[in-house]
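Going by the UniProt record's numbering, the final residue of the sequence shown carries number 255, and the count climbs one at a time with no gaps. Backbone N, C-alpha and C fix where the C-beta goes; we use that ideal spot for every residue, glycine too. For reference, the structure discussed in these notes is given below.
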Amino acid sequence: MYGLGRLLHKRVTTTGNYLKRWPDTPRILVFGPPNVPVTKLSQRLAIDLGVPVLSMKNEFSKVQKYAGKNEYDHPFYQKVKDILDEGDQETISKEKIGLKLLRIAEYAQEGFVLNDFPKSVADAESLEELGGGMNAFVHVNMPEFFLAQIESAKYECSDCGAVYQREDIIDEDTGIVQKANYPADGFCDDCGSIHIKPATDPEAFESALKSYTQRKEELLDFYNYLGLLVDIDLRKGGLDDYERVKSNLQFNIKF
Numbered sequence: 001m002y003g004l005g006r007l008l009h010k011r012v013t014t015t016g017n018y019l020k021r022w023p024d025t026p027r028i029l030v031f032g033p034p035n036v037p038v039t040k041l042s043q044r045l046a047i048d049l050g051v052p053v054l055s056m057k058n059e060f061s062k063v064q065k066y067a068g069k070n071e072y073d074h075p076f077y078q079k080v081k082d083i084l085d086e087g088d089q090e091t092i093s094k095e096k097i098g099l100k101l102l103r104i105a106e107y108a109q110e111g112f113v114l115n116d117f118p119k120s121v122a123d124a125e126s127l128e129e130l131g132g133g134m135n136a137f138v139h140v141n142m143p144e145f146f147l148a149q150i151e152s153a154k155y156e157c158s159d160c161g162a163v164y165q166r167e168d169i170i171d172e173d174t175g176i177v178q179k180a181n182y183p184a185d186g187f188c189d190d191c192g193s194i195h196i197k198p199a200t201d202p203e204a205f206e207s208a209l210k211s212y213t214q215r216k217e218e219l220l221d222f223y224n225y226l227g228l229l230v231d232i233d234l235r236k237g238g239l240d241d242y243e244r245v246k247s248n249l250q251f252n253i254k255f
């Protein structure tokens with residue numbers, strides 16, 4: 001069911017005394033539970049790989065907003081908009097909407113880091129039809145109890161969505177530490193806004209965690225079968241683990 005071949009060229013660069021190897025057109029998927037900084041990690045990977053960060057949610061939103069206008073003035077986009085407006089995930093997967101949008105997106109042709117898709121094994125199977133398929137599925141995780149602690153201490157910039165916390169979060173049993181990152185001057189590090197407010201939302205957190213849990217097992221099984229799974233338990237809290245994430249990806253990525 002999952003057996004698929006791939007043949008990709010290698011991009012090799014020398015750093016220090018060892019070789020770093022990446023595919024010429026790296027296609028990386030990043031997946032994790034709420035309160036793990038999937039977006040930030042994706043952005044860092046994208047910078048190092050020289051490819052864009054993509055969000056399928058954003059791709060869908062652009063079609064819904066702009067279908068019939070400018071570069072979206074084509075019957076294909078109107079059809080996609082109609083399907084998306086219906087909101088039926090089964091139809092969206094069956095029609096391979098995500099795959100089709102990636103195929104025609106000029107900015108996705110040289111590779112990408114995608115951080116909110118696939119939603120199901122059906123979506124994952126469709127992505128393997130894109131060129132040589134995906135090169136890696138990076139699963140970044142932390143214990144649920146620690147994610148809940150992050151939620152209870154969360155602040156957010158209401159202008160750009162950057163997330164902060166005022167105090168260190170430490171679990172002595174696991175050794176996990178997430179350091180405080182609240183800006184000392186009160187201005188958002190990302191956009192300069194002063195509108196940083198408490199953002200704890202237990203209901204939204206539980207809903208997002210449930211969605212992640214429902215998808216986790218089947219997606220990890222699928223990508224493990226393909227040999228694409230890079231599974232990492234974060235220990236230092238998000239971006240402090242970035243080099244370990246990058247190293248694991250580098251030496252497990254498929255060509």
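Check	Outcome
Residues near F137 in its chain [Cβ-Cβ closer than 6 Å; skip 5 each side]	L29, Y223, L228 and L229
Counterpart residues of Q178 in DSSP-defined beta bridges	I169
8 Å CB neighbourhood of A199 in its chain, flanking five on each side removed	K154, Y155, E156 and V163
Residues bridged to V197 (per DSSP)	First, the amino acid is wrong: residue 197 is Lys here, not Val. E156.
The alpha helix (DSSP H) enclosing V38, as first and last residue numbers	V38 to L49
S158 versus C188: straight-line alpha-carbon distance, rounded	10 Å
Buried versus exposed call for H74 [16 or more other C-beta atoms within 10 Å across all chains shown]	exposed
Candidates F255, R27, K96 and A105: closest to E71 by CA position	A105
Test item: CB-CB of F112 and V51 under 8 Å	yes
Collapsed DSSP secondary structure at I253 in the structure displayed	coil
Whole-angstrom distance between M134 and R244, CA atom to CA atom	21 Å
First and last residue of the uninterrupted beta strand (DSSP E) at N141	A136 to N141
Supposed close pair K57, D116 - CB separation, criterion 8 Å	5 Å
Simplified DSSP assignment, three categories, for D231	strand
Straight-line Cα distance separating S55 from A204	20 Å
Given E167 as reference, the closest of C160, E129, K210 and Q149 once Cα atoms are compared	Q149
Proximity winner among Q43, T213 and P143, relative to L234 (alpha-carbon distances)	P143
Continuous beta strand (DSSP E) stretch holding L114: start and end	F112 to L114
Pair within 8 Å by beta-carbon distance, L45 and K236	no
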